[in-house]
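These notes concern the structure reproduced below.
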Amino acid sequence: MAERVLELDRVTMQFGGVVAVDSLSMRVDRGEIVALIGPNGAGKTTAFNCITGVYTPTSGQVRYLGNLIISNRPQGRMKELYAGSDKAFPAETVVNTPDRITKMGIARTFQNIRLFKTQTVFENVLIATHLHKTSNLFTAAFRLNYREEQQMRRHALEMLEVVGLADLKDEKATSLPYGKQRRLEIARALATKPQLLLLDEPAAGMNPQETDDLGRFITGIKNQFGLTVFLIEHHMDLVMDISDRVYVIDFGKLIAHGVPEEVQDNPDVITAYLGVEEE
Amino acid sequence: MSDFIRANLPYLLAGISVGGQYALIAIGYTMVYGILRLINFAHGDIFTVAAYLMVYMNATMPLYISLPLTAVITVLLGFAVERVAYKPLRDAPRMSIMISAIGVSYLLQNLMWYVTGGLAKQYPVIPWISSSVTLLGATTKMVTLVTPVLTLVLVLLLTQLIRHTKIGMAMRAVSKDFETSKLMGIKINGVISVTFVIGSFLAAVGSMLYFSNYTAVTPTAGAMPGLKAFVAAVFGGIGSIPGAVIGAFIIGIAENIIKAMGLTTFSDAFTFALLIIILIFKPTGLFGEAVHEKV
Amino acid sequence: MKTVKIILAALLILCAAVLVIAAESSKDKLPGLLERMDAQGAAAQDTKMQKAKDRVLDALAEGSREKVLRSLERYLDGWPDRLDTGGTVARELFVYRNRPSLTAAGLFLLLAGALLLGAVFDRTGKIRKAALPALLIGLLYAGVYILESVVGSGTMLITVLKKGAIYALVAVAMNLLNGFTGLFSLGQAGFMLIGAYTFAIFTIETQSRAQVYQYYDGGLVQFALPTLAALALAGAAAAFFAFLIGLPVLRLKSDYLAIATLGFAEIIRAVFQYDGLGPITNGSNLLRKYPTFDTVLFPFLVAGACVAFIALVIHSTYGRSFKAIRDDEVAAEAMGINLFRHKQLAFVISSFFAGVGGALLAMYQTTVQAAAFTSAMTYEILLIVVIGGMGSLTGSVMASFLFIAASEWWLRFLDNEQAIGSFQLPLMRSGFRMVVFSVIIMAVVLFYRRGIMGDKELSLKRIARRLSPRKGGGANG
Numbered sequence: 717m718a719e720r721v722l723e724l725d726r727v728t729m730q731f732g733g734v735v736a737v738d739s740l741s742m743r744v745d746r747g748e749i750v751a752l753i754g755p756n757g758a759g760k761t762t763a764f765n766c767i768t769g770v771y772t773p774t775s776g777q778v779r780y781l782g783n784l785i786i787s788n789r790p791q792g793r794m795k796e797l798y799a800g801s802d803k804a805f806p807a808e809t810v811v812n813t814p815d816r817i818t819k820m821g822i823a824r825t826f827q828n829i830r831l832f833k834t835q836t837v838f839e840n841v842l843i844a845t846h847l848h849k850t851s852n853l854f855t856a857a858f859r860l861n862y863r864e865e866q867q868m869r870r871h872a873l874e875m876l877e878v879v880g881l882a883d884l885k886d887e888k889a890t891s892l893p894y895g896k897q898r899r900l901e902i903a904r905a906l907a908t909k910p911q912l913l914l915l916d917e918p919a920a921g922m923n924p925q926e927t928d929d930l931g932r933f934i935t936g937i938k939n940q941f942g943l944t945v946f947l948i949e950h951h952m953d954l955v956m957d958i959s960d961r962v963y964v965i966d967f968g969k970l971i972a973h974g975v976p977e978e979v980q981d982n983p984d985v986i987t988a989y990l991g992v993e994e995e
Numbered sequence: 411m412s413d414f415i416r417a418n419l420p421y422l423l424a425g426i427s428v429g430g431q432y433a434l435i436a437i438g439y440t441m442v443y444g445i446l447r448l449i450n451f452a453h454g455d456i457f458t459v460a461a462y463l464m465v466y467m468n469a470t471m472p473l474y475i476s477l478p479l480t481a482v483i484t485v486l487l488g489f490a491v492e493r494v495a496y497k498p499l500r501d502a503p504r505m506s507i508m509i510s511a512i513g514v515s516y517l518l519q520n521l522m523w524y525v526t527g528g529l530a531k532q533y534p535v536i537p538w539i540s541s542s543v544t545l546l547g548a549t550t551k552m553v554t555l556v557t558p559v560l561t562l563v564l565v566l567l568l569t570q571l572i573r574h575t576k577i578g579m580a581m582r583a584v585s586k587d588f589e590t591s592k593l594m595g596i597k598i599n600g601v602i603s604v605t606f607v608i609g610s611f612l613a614a615v616g617s618m619l620y621f622s623n624y625t626a627v628t629p630t631a632g633a634m635p636g637l638k639a640f641v642a643a644v645f646g647g648i649g650s651i652p653g654a655v656i657g658a659f660i661i662g663i664a665e666n667i668i669k670a671m672g673l674t675t676f677s678d679a680f681t682f683a684l685l686i687i688i689l690i691f692k693p694t695g696l697f698g699e700a701v702h703e704k705v
Numbered sequence: 000m001k002t003v004k005i006i007l008a009a010l011l012i013l014c015a016a017v018l019v020i021a022a023e024s025s026k027d028k029l030p031g032l033l034e035r036m037d038a039q040g041a042a043a044q045d046t047k048m049q050k051a052k053d054r055v056l057d058a059l060a061e062g063s064r065e066k067v068l069r070s071l072e073r074y075l076d077g078w079p080d081r082l083d084t085g086g087t088v089a090r091e092l093f094v095y096r097n098r099p100s101l102t103a104a105g106l107f108l109l110l111a112g113a114l115l116l117g118a119v120f121d122r123t124g125k126i127r128k129a130a131l132p133a134l135l136i137g138l139l140y141a142g143v144y145i146l147e148s149v150v151g152s153g154t155m156l157i158t159v160l161k162k163g164a165i166y167a168l169v170a171v172a173m174n175l176l177n178g179f180t181g182l183f184s185l186g187q188a189g190f191m192l193i194g195a196y197t198f199a200i201f202t203i204e205t206q207s208r209a210q211v212y213q214y215y216d217g218g219l220v221q222f223a224l225p226t227l228a229a230l231a232l233a234g235a236a237a238a239f240f241a242f243l244i245g246l247p248v249l250r251l252k253s254d255y256l257a258i259a260t261l262g263f264a265e266i267i268r269a270v271f272q273y274d275g276l277g278p279i280t281n282g283s284n285l286l287r288k289y290p291t292f293d294t295v296l297f298p299f300l301v302a303g304a305c306v307a308f309i310a311l312v313i314h315s316t317y318g319r320s321f322k323a324i325r326d327d328e329v330a331a332e333a334m335g336i337n338l339f340r341h342k343q344l345a346f347v348i349s350s351f352f353a354g355v356g357g358a359l360l361a362m363y364q365t366t367v368q369a370a371a372f373t374s375a376m377t378y379e380i381l382l383i384v385v386i387g388g389m390g391s392l393t394g395s396v397m398a399s400f401l402f403i404a405a406s407e408w409w410l411r412f413l414d415n416e417q418a419i420g421s422f423q424l425p426l427m428r429s430g431f432r433m434v435v436f437s438v439i440i441m442a443v444v445l446f447y448r449r450g451i452m453g454d455k456e457l458s459l460k461r462i463a464r465r466l467s468p469r470k471g472g473g474a475n476g
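Chains as they are written, first to last, in my numbering: chain H, 717 to 995; chain U, 411 to 705; chain A, 0 to 476.
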């Protein structure tokens, strides 16, 4: 059996009375490309935010490489509002902030691009190398860490070369065209040296040609860096092309799961996407 | 027992009274924050300007003219400050507009200093309001008793206005979601102006009550009550009018209890310590709502 | 080559340390020297000489440098063989007489050594690039020193330069927080107060303590630290308070942070005026009789070194993280940056230098009182930062000198009633200057929001590009 990289166990995210993610369980194995799809507002990004520590899920657990990284059960006011059945699950409480989760090896991109807008393309990637520094404030200020600094710069440049943005390194990040900004986000995520890469709609706003290229690119970096990839996507062609397995959610609930072909023909999925006909 | 009351009642009365005055200022802060997400640092100075207007106008006019005229000019000033200093920055980062507010505060203080020569002025005696009254053996000014009543009446009127009028509905909508209300055709600038008009009017009333009690008017006299009123607004949960009023009464009373204990130096510091404590344990204040940031 | 440079830098720094320590300790050595001179010469028995010597000691106790020098001159005149009193004595007296210049020279060498070290360790090809600006800064300092000796220390120009340098430091410190890290903090005056008081409390001469703390039996602290140590301690005290207050307040959203830090500054102001702490803080009374500076080079060097350090931090990987937090907190956290730790770091560094700035301000003013550190002071510094440009160090520095020059000097005439012929100019009277000044500031805030520099830095490259005849032809102008 392949090694489990990511495992979600009954993750629920509730905002007041609204259940955005409803008891979601899934897994991603090493070397896989797994897609999470679903109609708009199905709770895909919220699921990402629960994995990366931006939100603490109302209940449920997240494991990464077998270690419990997030675990929470309904607390305080949420005890009454919680819509799920098992209020005592799970027993442990583990909370990790996004930066710690990134340090563990999970990197992500954002659906609504979040680049550092006053910084150049190169600086955007360079910032993402900060988390592995060994220097302290003084060694960094007085440049006693020049070897490490050089390494950081080299690594950042390499990542830009990987995504093909090395010639634009001194441009302002926000001056890039949309597609290139998405690639820059990927370069930035790669610079944190992840094992698991979470991509939130990487093909949003791209034309079919660009989407094709992106598919090849994702498979390419997966092989080159030995990554595991978990992505949210709306472009079905891309999903069907590159993913090993697909999870489909609707209204926060898992409605289908399997290899792309199975999912494509699943009647529930078709209903979720096309809606139910009125009687 | 009666000795105890006689000794401590003045402090309690003063606390309730100053609490009511803070409440009137705090409403201006909390309404502006609710709509613009702006700490209007100039609000305390508008409060002081109202006091100076009263000082100068009362010297030449009868009370029944100077009092309403003060309110009108204060309201115009609040309106003008919003139009000149905040409206042009509607699309600027939040920090810029707060800096603009600080700039306005700086300008108003310097302007007042220039006009008055920096000397403290005596606030005019308003008949009846400034007269003495004895309650349970404690002597105090009439204003001490009038303030809480007047405050509650004004707050009641204001809540009715917000609940039942069209402009009130628009205000609630704008404070809930600025962008969407704009798309729904609400005239944002009109709503904001009305907010400043109401806030400034209440500050003018508050100024009349406050300075009838603490009669020395200096250019910076309003800075500290202004800050405290803001703390009261945060304490009650910024954006919430009842919260601001309750917060203001709590702070006013607590501050006077501290004074009664002989720790006058710390009465200001206490307010801010309270602020820091509430921000740590309940950052949304007593009645505030939590907001989730969209990622 | 590298080793040579390191050795050279180490030597420079060593010399600097020797010079500064020698100069700063010369005052304490003086009484001992006088004793030694007594022991050597017969003139010591002369009552006139004894009186002259006592005058020197009195002047020393009083702490007035000018008086000490004058009385010392008279005392030495009494010696028939004044230069034969032994080499050490003559040398020490020379050191005492030229103390400020020697300290300044020492700090110069320190700066040179540090620059050299920086050049050695900057392996990204910036050695030659850094050399020219360093040289220019050195020349600027030399220029200021010469200027002072030409126009005189008490002139308005030098006063503005002194105060401008101090404000430059506090503005840069505030910019690190508000402009570079995006934290809207309004506690600057509070941290300056802590710095100013820490400095004053630990440097008041022991002889003068009874007089300064007259209502508190001479106070609790009964020793005096050397000036530079006390400056560092001032910064450390402010930084320590920042660390403590940061634990709760740095978790707050931006505007709550602003009001909490403002509140903190008010609390500090009240606490330092509290009667119960009088034996330490002298209650609400003035603190005075602590070391001050008489040469403009002193604030220039201290502030210059501090600003240089802040600049180094900003250009390091930590500074990049600060800017990332400012641009997008969520993305920064997703890149593995620990938000709280980095905010805390920026807050502590900024407060450290605000503390040092406060101490310098105390030295400049010669007396210090907690009541003066109001929120208005914070607002002024914030406005300087805005005028210079949020996120521009050179902007803050330039704006500080402009702000101080305008408010203290150039606009002074507005405060005086003036007449052209027999026509009395209207409006011009006391207070008008500040009104005009605040109108100018409002105009900057409203219409010139990016300030002088925006978030760019003044650099030779930019100046060269501006001045080049091929104007507008640049590819990336």
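Virtual Cβ for every residue (Gly too), placed ideally from N, Cα, C.
**Report entry** Residue of Leu545/U, Ser650/U and Ser506/U minimising C-alpha distance to Tyr421/U
**Finding:** Leu545/U
Query raised in the report: Within this structure, are the beta carbons of Thr944/H and Gly800/H separated by less than 8 Å?
Result: no
Report task. List the residues of chain U whose Cβ lies closer than 9 Å to the Cβ of Val248/A, in chain order. Result -> Ile686, Leu689 and Ile690
Query raised in the report: Roughly how many angstroms lie between the CA atoms of Gly453/A and Gly282/A, to the nearest whole one?
Result: 42 Å
Report task. Would you kindly work out how many angstroms separate the C-alpha atoms of Leu311/A and Val837/H, rounded to a whole number? Result -> 22 Å
Query raised in the report: If you scan the stretch 510-596 of chain U from start to end, which runs of the alpha helix (DSSP H) of 4 or more residues do you find wholly inside it?
Result: 552-574, 576-586 and 588-593
Requested in this report: Taking Arg824/H as the query, report the chain A residues whose CB atoms sit under 7 Å from its CB, ordered along the chain.
Outcome: Ala333
Query - Contacts around Gly124/A, its chain only, beta-carbon distance under 7 Å, and the 5 residues preceding and following it disregarded - result: Note that Gly124/A scores 45 on pLDDT, short of 50, meaning its location in the model is unreliable; the coordinates nonetheless yield the value given after this. If we look at Gly124/A and ignore the five residues flanking it on each side, it has no Cβ neighbours.
Report task. Work out the CA separation of Leu168/A and Phe190/A for me, nearest whole Å. Result -> 13 Å
**Report entry** Asn599/U, DSSP secondary structure in three states
**Finding:** helix
Query raised in the report: Hey, out of Ser476/U, Ile449/U, Tyr466/U and Leu486/U, whose CA is closest to Ile608/U's CA?
Result: Leu486/U
Requested in this report: Please classify Leu82/A: is it buried, with 16 or more other beta-carbons within 10 angstroms of its beta-carbon, or exposed?
Outcome: Note that Leu82/A scores a pLDDT of 48, beneath 50, so its modelled location is shaky; the value from the coordinates is reported in the next line. Leu82/A comes out exposed.
Query raised in the report: Can Val143/A and Phe271/A be called in contact, C-beta distance under 8 Å?
Result: no
**Report entry** Own chain residues within Cβ distance below 7 Å of Thr260/A, not counting five before or after
**Finding:** Ser184, Leu185, Gly186 and Val248
**Report entry** Contained beta strand (DSSP E) runs [length at least 3] in the stretch 937-994 of chain H, N- to C-terminal order
**Finding:** 944-948, 961-966 and 969-974
Report task. Please check if any C-beta of chain H sits within less than 8 Å of the C-beta of Tyr317/A. Result -> yes
Report task. Using a Cβ-Cβ cut-off of 8 Å, state whether Ile449/U counts as contacting chain A. Result -> yes
Requested in this report: Could you check what DSSP says for Gly632/U in three-state terms: helix, strand or coil?
Outcome: coil
Report task. Anything in chain H within Cβ reach of Ser320/A, meaning under 8 Å, just list it in chain order. Result -> Ile843 and His846
Query raised in the report: In chain A, which residues lie less than 7 Å from Arg898/H when you measure between Cβ atoms?
Result: Neighbours of Arg898/H on chain A: none; closest Cβ ~14 Å, over 7 Å.
Query raised in the report: According to DSSP, is Ile686/U helix, strand or coil?
Result: helix
Query raised in the report: If we cut at 8 Å on Cβ distances, does Phe697/U have a partner in chain A?
Result: no
Query raised in the report: Any idea what DSSP makes of Thr908/H, helix, strand or coil?
Result: coil
Report task. Answer yes or no: do Tyr214/A and Ile383/A have a C-beta to C-beta separation smaller than 8 Å? Result -> no
Report task. Would you kindly work out how many angstroms separate the C-alpha atoms of Leu781/H and Asp254/A, rounded to a whole number? Result -> 40 Å
Requested in this report: Round the Cβ separation of Ala236/A and Gly194/A to the nearest angstrom and send it over; I've been treating them as touching at under 8 Å.
Outcome: 7 Å
**Report entry** Whether Leu68/A touches Pro30/A by CB criterion (8 Å)
**Finding:** no
**Report entry** Cβ of Ile266/A within 8 Å of any chain H Cβ
**Finding:** no
Query - Complete runs of the alpha helix (DSSP H) confined to the stretch 304-382 of chain A [at least 4 residues] - result: 316-326, 328-333 and 338-364
Query raised in the report: Distance, Cα to Cα, Gly895/H vs Ile948/H?
Result: 16 Å
Query raised in the report: At a Cβ cut of 8 Å, what residues of the stretch 204-231 of chain A count as close to chain U, listed as they run along the chain?
Result: none
Query raised in the report: Does the beta carbon of Pro498/U come closer than 8 Å to any beta carbon on chain A?
Result: yes
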